[in-house]
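**Student:** Everything in the sequence shown is counted per the numbering used here, starting at -8 for the first residue and increasing by one.
All C-beta atoms, glycine included, are put in the ideal place defined by N, C-alpha and C.
These numbers were taken from a predicted model, which means no experiment stands behind them.
I have a structure I would like to understand better, so I am pasting it below and will then ask my questions one at a time.
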Amino acid sequence: MKHTVIIRWSEEDGCFLVFLPEFRDTVMQPVTHGDNYEDALKNALEVLELLEETSVGKEAAFIPRSQVQQGNAVTEVR
């Protein structure tokens, strides 16, 4: 399963905001933030790990941190 991580700069908040579209119905968005892109991505991966821990017994496929691929505006976690 592929998870999409959207990281956008917010002028209003003065930081990068992180959204996980696949979880929009179950997790408040934005899910986290970061002062820079790298911190936002790191925080997004931590949120995905927490979601994995709370999804024990559910049919959800989560991806190890080592399999993250970065794009320009959207980071896809496969």
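Tell me the residue span of the beta strand (DSSP E) that contains T(-5).
**Tutor:** In the sequence shown, counting from the first residue as 1, residue -5 sits at position 4. Counting along the chain, the beta strand (DSSP E) containing T(-5) begins and ends at H(-6) to S1.
**Student:** Leaving out five residues before and five after A31 in sequence, what residues of the same chain have Cβ atoms less than 8 Å from its Cβ?
**Tutor:** Here residue 31 refers to the residue found at position 40 when the sequence shown is read from its first residue. I(-2), C6, F7, L8, V9, T23, H24 and G25.
**Student:** Three-state secondary structure (DSSP) at T96?
**Tutor:** There is no way to answer for residue 96, as the model of the chain reaches only from -8 to 69.
**Student:** Rounded to a whole number of angstroms, what is the C-alpha to C-alpha distance between E44 and Y28?
**Tutor:** The residue given as residue 44 occupies position 53 in the sequence shown. The residue given as residue 28 occupies position 37 in the sequence shown. Approximately 25 Å, taken between the alpha carbons.
**Student:** So what does G25 bridge to, in DSSP terms?
**Tutor:** As a working mapping, residue 25 is identified with position 34 in the sequence shown. Bridge partners of G25: F7.
**Student:** How close, in whole Å, do the beta carbons of P21 and T(-5) come, if the pair is a contact with beta carbons under 8 Å?
**Tutor:** Here residue 21 is taken as the residue at index 30 of the sequence shown, counted from 1. Here residue -5 is taken as the residue at index 4 of the sequence shown, counted from 1. Contact flag wrong, Cβ pair sits at about 13 Å.
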